[in-house]
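Chemist:
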Amino acid sequence: MTNILEVRNVSKFFGGVRANEDISLDIEEGKIVSLIGPNGSGKTTLFNSIVGTHPIDKGSIKFQGNELSQKLVHEIATMGLIRTFQQTKIYGQMSCMMNMKISKKVENSFSRMFDQIPNELNEQAEQILSFVGLYEKRNLRAGELSFGQQKLLELAMALMNEPKMLMLDEPTAGINPTLINGIIDRLIKINDQYKITLFVIEHNMRVVMNLAQKVFCMAHGKLLAEGTPDEIKNDKRVIDAYLGAQ
Amino acid sequence: MGFDKKELSGITFLLLLGVFAPFLFPSYRIQISELWLFMVYASTWNIQGGKMGYNTFGNIMFFGLGMYICASTQIAYSFPLAEWTAAGGVKTFVHTVEQYFTALPIGMILAGLIPAAIAGALGSLILGLRGHYFAICTLGIGIAAGEFATSMKIWGGGQGMTVPVWPKVDGQEIDVLGGSVNFFYTLTFILFFCTYFFLRWLFSTRFGLILTAIRDNEDKAEAMGIPTMRYKVTGWVVSAFFMGIAGAIYGNINGYIEPTEVAFAGATVGVYMVLMAILGGKGTLWGPIIGAIIFQVFKEFFWTYFLGWQRVALGFLIVIIVVFFPEGIMGWLRRIKPELFGEVVDRKARLAQVTIKTND
């Protein structure tokens, strides 16, 4: 298997805060990989570094062999690397269907800016909305959805873009526990059917254990451990990071 | 792009108003011309302030520039501009009919194109600013433009300049579309409908949708692969183009251009356009139009019958808008009757969804 994403010696400092220090990790194409770590360990910073939200101080990030660290946010997204946000980011004043239709990937040329939105997108948007369970709410304003539903909508929007790799920042946070199983199923299905590589930040250990094929653990801005879910679960360093060393 | 009933009746109303109002209220023709222009100001401000969520106070700059550019072209086509402005009415220059009607269209076209180009160049510099920072920056630009015009000797500096008068033959004003007032009335009427149909098309495209996406969450739009800067700049170019032409026409209606009170009138026209768009409901196609009609009626009423109190009344109107209609008339309608805007829960689908579908 080839690596879809290669992160090499990435460091990011905010003044004196070492948010990411010398992080290296590889993500294999087609896998579901999880990133865990206590609050403030630098997981979201790493996500932001990868998708180009802020420049990195050191290191290199390659997506399918292309260097990302000098690219702009929208350029990276157009390459097929889409992320979702921990605090949901959706277009609140627009209907869910509009949110979906606008997320469809379109070539970034001047003439395409003024295209009409094709009607064929309706079907695809409806299909994906019913896949995440939001079909009946499709004509409501997205801002009126609950937090959990907005998370689902964000996931649906990401799928509409047909990415090669999807980076999810806590997809189950704020979601009803009974729905979480549904999310796990859907994420596995996304990975399996749409052939999308998943890179997931998650705090819910049950989700991580059921979902991930490989787990990276971060603490204090450094990569602490990597391995299968079982290896991570029994790694003393990981337990110490979460609960404090004896 | 079909027209629905509500919109069709709206357009019919405006067309009838445009055609018959000058005959019904001949003494109000200038005010009604102004109303068409107000609709243009508010509708083009709405591209930034309403659709895109970028509150600009700088659009007045394009208006003033358009006014100066058009007047300068009209004059310079036949006479040296510097002599004209330096003469200060002592020496008279008279345009022939042919000179007047050749220079006017050239001036109007330049008044659209040059501000649009400036918006493109300036926009790529400052549209990276967000929220209050953008608003303050554009406010500064509007004021700076006024100061710039004041220092321009060739435009008459702080004294301003006159605009060529409507040509006469043998002492009689010539009859093109019924004289100068009717002629410029017709231009404002046409300009408004061009703006309206252009924006209607623009908002129906992907472009229009992306402007609202930028307003709702620009970071998200970027993260989904949309180069937002390009859309923001293009939107500003469109506003600048129509504002420039509006300025060109207004300069001719007014007959006299002065830097800070007429051309770069940030404290009056610059505020009115924001007020009208918010009053009617920003972010909608019809909001600014409705807002402009109400505002112009209100303004003329108070300026005519309660002169001296008009500023108080205007302040009162601002308070009423902010307190009772923060989302404007259209926004208020949408809140009390969301189903009119297609916001419904699909009950049938809800029944079908009692068992969670996973769509294999």
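Each protein sequence line maps, in turn, to chains W and R.
Residues in the first sequence are numbered consecutively from 196, following our numbering.
Residues in the second sequence are numbered consecutively from 873, following our numbering.
Every residue gets a Cβ at the ideal spot worked out from N, C-alpha and C, and that includes glycine.
Keep in mind it's a predicted model, so treat the numbers as computed, not measured.
For residue 1109 of chain R, count neighbouring Cβ atoms within 10 angstroms of its own Cβ and tell me buried if that reaches 16, exposed if not.
Modeler: Walking along the second sequence from the start, residue 1109 of chain R turns up at place 237. Buried: at least 16 other Cβ atoms inside 10 Å.
Chemist: Listing by chain order, which chain W residues have their CB less than 8 Å from the CB of residue 922 of chain R?
Modeler: Counting from 1 along the second sequence, the entry for residue 922 of chain R is found at position 50. Those within 8 Å of residue 922 of chain R in chain W number zero; the least Cβ separation is about 11 Å.
Chemist: Pull up the DSSP beta-bridge partners for residue 196 of chain W, would you.
Modeler: Looking up residue 196 of chain W in the first sequence gives position 1. Partner(s): none; residue 196 of chain W has no beta bridge.
Chemist: Would you kindly report the start and end of the unbroken alpha helix (DSSP H) that includes residue 218 of chain W?
Modeler: Here residue 218 of chain W is taken as the residue at index 23 of the first sequence, counted from 1. No alpha helix (DSSP H) holds residue 218 of chain W; the beta strand (DSSP E) holding it covers 212-223.
Chemist: Would residue 918 of chain R count as contacting chain W if we go by Cβ distances under 7 Å?
Modeler: As a first step, residue 918 of chain R must be located in the second sequence, where it is residue number 46. With 7 Å as the cut-off, residue 918 of chain R does not count as an interface residue toward chain W.
Chemist: Between residue 283 of chain W and residue 345 of chain W, is the Cβ-Cβ spacing less than 7 Å?
Modeler: Position 88 of the first sequence, counting from 1, holds the residue named residue 283 of chain W. Position 150 of the first sequence, counting from 1, holds the residue named residue 345 of chain W. Yes, they are a contact pair.
Chemist: So, is the C-beta of residue 1078 of chain R closer than 7 Å to a C-beta in chain W?
Modeler: Residue 1078 of chain R sits at position 206 when you count from the first residue of the second sequence. So yes, residue 1078 of chain R belongs to the interface.
Chemist: Between the stretch 920-937 of chain R and the stretch 1123-1138 of chain R, do at least 3 Cβ pairs fall closer than 8 Å?
Modeler: The stretch 920-937 of chain R, when compared against the stretch 1123-1138 of chain R, does touch it at the 8 Å Cβ threshold.
Chemist: Short of 7 Å in beta carbon distance, which residues of its chain neighbour residue 1213 of chain R, apart from the five on each side in sequence? Order them along the chain.
Modeler: Stepping through the second sequence from its first residue, residue 1213 of chain R is reached at position 341. Correct list, in chain order: 1206.
Chemist: So, do the stretch 1024-1032 of chain R and the stretch 1141-1155 of chain R have three or more beta carbon pairs nearer to each other than 8 Å?
Modeler: Touching, no, given that fewer than three Cβ pairs across the two stretches are closer than 8 Å.
Chemist: Beta-carbon of residue 1226 of chain R versus every beta-carbon of chain W: anything under 7 Å?
Modeler: Here residue 1226 of chain R corresponds to residue number 354 of the second sequence, with the count starting at 1. Interpretation of residue 1226 of chain R is limited by its pLDDT of 45, a score under 50 that renders its predicted location unreliable; no figure is taken from the coordinates.
Chemist: Taking all protein chains shown into account, decide if residue 938 of chain R is buried (16 or more other Cβ within 10 angstroms of its Cβ) or exposed.
Modeler: In the second sequence, counting from the first residue as 1, residue 938 of chain R sits at position 66. Classification of residue 938 of chain R: buried, given that the 10 Å Cβ count is 16 or more.
Chemist: For a contact meaning CB atoms closer than 7 Å, what does residue 1124 of chain R contact in chain A?
Modeler: Although the question refers to chain A, the structure presented lacks it and instead comprises the protein chains W and R.
Chemist: Within the same chain, show all residues whose beta-carbon is closer than 8 Å to that of residue 1022 of chain R, passing over the 5 residues directly before and after it, in chain order.
Modeler: Your numbering for residue 1022 of chain R matches position 150 in the second sequence. Excluding sequence neighbours, residue 1022 of chain R sits near 1029, 1030, 1131 and 1132.
Chemist: Going by DSSP, what residue range makes up the alpha helix (DSSP H) through residue 1056 of chain R?
Modeler: By one-based count along the second sequence, residue 1056 of chain R stands at place 184. Looking at the DSSP string, the run of the alpha helix (DSSP H) that includes residue 1056 of chain R is 1051-1076.
Chemist: When you compare the CB of residue 249 of chain W with every CB in chain R, is at least one pair closer than 7 Å?
Modeler: Counted from its first residue, the first sequence places residue 249 of chain W at position 54. Residue 249 of chain W does not count as touching chain R.
Chemist: If you drop the 5 nearest sequence neighbours on each side, which residues of the same chain put their C-beta closer than 6 Å to that of residue 1038 of chain R?
Modeler: As a first step, residue 1038 of chain R is located in the second sequence; it is residue number 166 there, counting from the start. Result list for residue 1038 of chain R: 1045 and 1052, in chain order.
Chemist: Whose CA, out of R:1043, R:963, R:1117 and R:1168, lies closest to the CA of residue 1185 of chain R?
Modeler: Sequence index remark: in the second sequence, residue 1185 of chain R carries index 313 (1-based). Taking only the C-alpha atoms, the option nearest residue 1185 of chain R is R:1168.
Chemist: Tell me the residue span of the alpha helix (DSSP H) that contains residue 306 of chain W.
Modeler: Translated into positions along the first sequence, residue 306 of chain W becomes position 111. Element bounds for residue 306 of chain W: n/a, residue is neither H nor E.
Chemist: For chain R, check one thing: does any of its Cβ atoms lie closer than 7 Å to the Cβ of residue 331 of chain W?
Modeler: Taking the first sequence and counting its residues from 1, the one referred to as residue 331 of chain W is at position 136. So, interface residue.
Chemist: By the three-class DSSP mapping on this structure, what secondary structure does residue 1117 of chain R have?
Modeler: Taking the second sequence and counting its residues from 1, one reaches residue 1117 of chain R at position 245. Looking at residue 1117 of chain R - three-state DSSP - the assignment turns out to be helix.
Chemist: Does DSSP put residue 396 of chain W in a helix, a strand or coil?
Modeler: The sequence position of residue 396 of chain W within the first sequence is 201, counting from 1. Three-state result, residue 396 of chain W: strand.
Chemist: What residue range is occupied by the uninterrupted alpha helix (DSSP H) comprising residue 944 of chain R?
Modeler: Locating residue 944 of chain R in the second sequence gives position 72, where the first residue counts as 1. That run of the alpha helix (DSSP H) goes 931-948.
Chemist: Comparing C-alpha positions only, which one of W:390, W:289, W:211 and W:411 sits nearest to residue 224 of chain W?
Modeler: Indexing the first sequence from 1 puts residue 224 of chain W at position 29. Here the closest residue by C-alpha is W:390.
Chemist: Can you tell which of R:1178, R:995 and R:1122 has its C-alpha closest to the C-alpha of residue 1102 of chain R?
Modeler: Within the second sequence, numbered from 1, the residue matching residue 1102 of chain R stands at position 230. Nearest of R:1178, R:995 and R:1122 to residue 1102 of chain R, Cα basis: R:995.
Chemist: Buried or exposed: where does residue 1002 of chain R fall if 16 or more other Cβ atoms within 10 Å of its Cβ makes it buried?
Modeler: As a first step, residue 1002 of chain R must be located in the second sequence, where it is residue number 130. So residue 1002 of chain R ends up on the exposed side.
Chemist: Among W:222, W:328 and W:265, which one has its Cα closest to the Cα of residue 259 of chain W?
Modeler: Counting from 1 along the first sequence, the entry for residue 259 of chain W is found at position 64. Among W:222, W:328 and W:265, the Cα nearest to that of residue 259 of chain W is on W:222.
Chemist: Determine, for residue 398 of chain W, whether the minimum Cβ-Cβ distance to residues of chain R falls below 7 Å.
Modeler: Counted from its first residue, the first sequence places residue 398 of chain W at position 203. No, its Cβ sits nowhere closer than 7 Å to a Cβ of chain R.
Chemist: Could you work out which residues of chain W lie near residue 1082 of chain R, taking near to mean beta carbons separated by less than 7 Å?
Modeler: Looking up residue 1082 of chain R in the second sequence gives position 210. Simply 297.
Chemist: Whose Cβ in chain W lies nearer than 7 Å to the Cβ of residue 1214 of chain R?
Modeler: On the second sequence, position 342 is the one that residue 1214 of chain R refers to. Under the 7 Å cutoff, chain W gives 334.
Chemist: Helix, strand or coil, according to DSSP, for residue 204 of chain W in the structure here?
Modeler: Your numbering for residue 204 of chain W matches position 9 in the first sequence. Reduced to three states, the DSSP call for residue 204 of chain W is strand.
Chemist: Note down, in chain order, every chain R residue with its Cβ under 8 Å from the Cβ of residue 309 of chain W.
Modeler: Here residue 309 of chain W refers to the residue found at position 114 of the first sequence. Correct list: 1074, 1077, 1078 and 1079.
Chemist: Over what stretch of residues does the alpha helix (DSSP H) that includes residue 965 of chain R continue unbroken?
Modeler: Reading the second sequence from its first residue, position 93 is the one you call residue 965 of chain R. Looking at the DSSP string, residue 965 of chain R is not in any alpha helix (DSSP H), and its letter there is neither H nor E.
Chemist: Going by DSSP, which residues form a beta bridge with residue 1044 of chain R?
Modeler: As a first step, residue 1044 of chain R must be located in the second sequence, where it is residue number 172. Looking at the DSSP assignment, residue 1044 of chain R forms a beta bridge with R:1041.
Chemist: What's the call for residue 1122 of chain R, buried or exposed, on a 16-neighbour Cβ count within 10 Å?
Modeler: Numbered from 1 along the second sequence, position 250 holds the residue referred to as residue 1122 of chain R. Residue 1122 of chain R comes out buried.
Chemist: What whole-angstrom Cβ distance do residue 1118 of chain R and residue 1033 of chain R have, given they're in contact under 8 Å?
Modeler: As a first step, residue 1118 of chain R must be located in the second sequence, where it is residue number 246. As a first step, residue 1033 of chain R must be located in the second sequence, where it is residue number 161. Not a contact, Cβ separation roughly 19 Å.
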